[in-house]
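Have a look at the structure below, then the notes.
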Amino acid sequence: LNTELRQTLAADLDNILEEMVTLANTQRMGQSLFAGADSEQLPYTVERDDQGHIMRVDYQGSLEERKVQITDGLETSAVLAGPALFSSEQREEPVFYGQTGVATGTGTSSIRGDVQLTITGSAGNWQLSIDGGANVVAVNGTETNVAVVHSETGEVLFVDATGIQQAGDEPVRVPGTYDMFNALINARDLLRNEQNYSESQLQSMFADTIHSMDEVNQRLVQAFPVVGGRLQVLTNFKESIGDMKLATDEDISRLQDTDITQVAIDLARYEMLYQMSLNVAARMFSMSLLDFMR
Numbered sequence: 428l429n430t431e432l433r434q435t436l437a438a439d440l441d442n443i444l445e446e447m448v449t450l451a452n453t454q455r456m457g458q459s460l461f462a463g464a465d466s467e468q469l470p471y472t473v474e475r476d477d478q479g480h481i482m483r484v485d486y487q488g489s490l491e492e493r494k495v496q497i498t499d500g501l502e503t504s505a506v507l508a509g510p511a512l513f514s515s516e517q518r519e520e521p522v523f524y525g526q527t528g529v530a531t532g533t534g535t536s537s538i539r540g541d542v543q544l545t546i547t548g549s550a551g552n553w554q555l556s557i558d559g560g561a562n563v564v565a566v567n568g569t570e571t572n573v574a575v576v577h578s579e580t581g582e583v584l585f586v587d588a589t590g591i592q593q594a595g596d597e598p599v600r601v602p603g604t605y606d607m608f609n610a611l612i613n614a615r616d617l618l619r620n621e622q623n624y625s626e627s628q629l630q631s632m633f634a635d636t637i638h639s640m641d642e643v644n645q646r647l648v649q650a651f652p653v654v655g656g657r658l659q660v661l662t663n664f665k666e667s668i669g670d671m672k673l674a675t676d677e678d679i680s681r682l683q684d685t686d687i688t689q690v691a692i693d694l695a696r697y698e699m700l701y702q703m704s705l706n707v708a709a710r711m712f713s714m715s716l717l718d719f720m721r
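Under the working numbering, the sequence shown has 522 at position 95, and the numbering climbs by one with no breaks.
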């Protein structure tokens, strides 16, 4: 891809990212579809740079789905938790793409997606940071498992400092920890290449980024039958309630009739929520530039 085409694709990814966030924050009947149990608030927040570009998307909803009782003995999840649909949870060891000589430590890092490890100083007195220098860890080059902490998120990257040969910026990614937002952000930033990575670095990182985007897409595809299955259960039960109402004798009490009517209303409401969730997820899945990036 030439520079002009890369910039065009980066702009396209920016637009897709904006629409993805909007879709992920979709509300229906006052409920956020992907906020889990905290359905009264928007599930995803964004951080932007000075130009207004999205640099980070954070989930602030609940990891628990919102359970509601349809009738005695029957509960269903009315609102879904975003990470269950849009995030991969197959954490692997961090991968380092730079030339500094730093390597992964023995601890289990908590960073997700992509970070940039900045190494400054000189032999015997290195300074490490993953948040642009806000929090710096000093090492002498003998440490095998150094915790480098992000000052804002609290995320940790464990590194082995014994192989550090030079200062520089070290791109780091953690396969299996992407969501659809940070995958798009990373792809866009690679296309812009404001860090001036070498072509060989870019090609390697592009290949891994496409793999991560495929991984996230597969996660979304796998969620379709789950949501569809729940929708089918609600539909079947709704039809059964309808049959019960038709078969009810005229002398059934007003209270009983009201109870059955309310159940039917509730089922229709949650069926609509699930149908909307499927529609939104389908739109998200269809919005991909993977074919252009291959």
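Yeah, the Cβ is synthetic: ideal placement off N, Cα and C, and Gly gets one too.
Residue j and residue i - do their beta-carbons sit closer together than 8 Å?
| i | j | result |
| --- | --- | --- |
| Val586 | Ala530 | yes |
| Gln458 | Gln487 | no |
| Pro414 | Asp541 | Residue 414 is absent from the model: the chain starts at 428 and stops at 721. |
| Gly528 | Gln592 | yes |
| Leu629 | Leu611 | no |
| Val484 | Arg539 | no |
| Ile481 | Leu444 | yes |
| Leu584 | Ser639 | no |
| Thr547 | Gly568 | no |
| Glu642 | Ser514 | no |
| Thr792 | Asn613 | Nothing about residue 792 can be read from this structure; the chain reaches only from 428 to 721. |
| Thr453 | Leu460 | yes |
| Arg615 | Ala437 | yes |
Would you list the one or two residues that DSSP bridges to residue i?
| i | result |
| --- | --- |
| Gln454 | Ser459 |
| Asp485 | Thr472 |
| Val563 | BP columns for Val563 are empty, so no partner. |
| Ala574 | Phe585 |
Assuming residue i and residue j form a contact by the criterion Cβ under 8 Å, report the distance between their Cβ atoms to the nearest whole angstrom.
| i | j | result |
| --- | --- | --- |
| Gly595 | Gly525 | 6 Å |
| Ala565 | Gln554 | 6 Å |
| Ala464 | Glu492 | 7 Å |
| Pro470 | Leu490 | That belief does not hold up - the Cβ atoms of Pro470 and Leu490 are roughly 11 Å apart, past 8 Å. |
| Arg619 | Gln478 | That belief does not hold up - the Cβ atoms of Arg619 and Gln478 are roughly 11 Å apart, past 8 Å. |
Just list the beta strand (DSSP E) runs in the segment 593 to 648, keeping only unbroken ones of 3 residues or longer that don't cross its boundaries, in chain order. 595 to 601
Counting only runs that start and end within the segment 499 to 559, where is the alpha helix (DSSP H) found for 4 or more residues in a row? 509 to 513
So, does the segment 606 to 619 touch the segment 632 to 652, judging by three or more C-beta pairs under 8 Å? yes
Quick check: the segment 565 to 576 against the segment 507 to 526, are there 3 or more CB pairs under 8 Å? no
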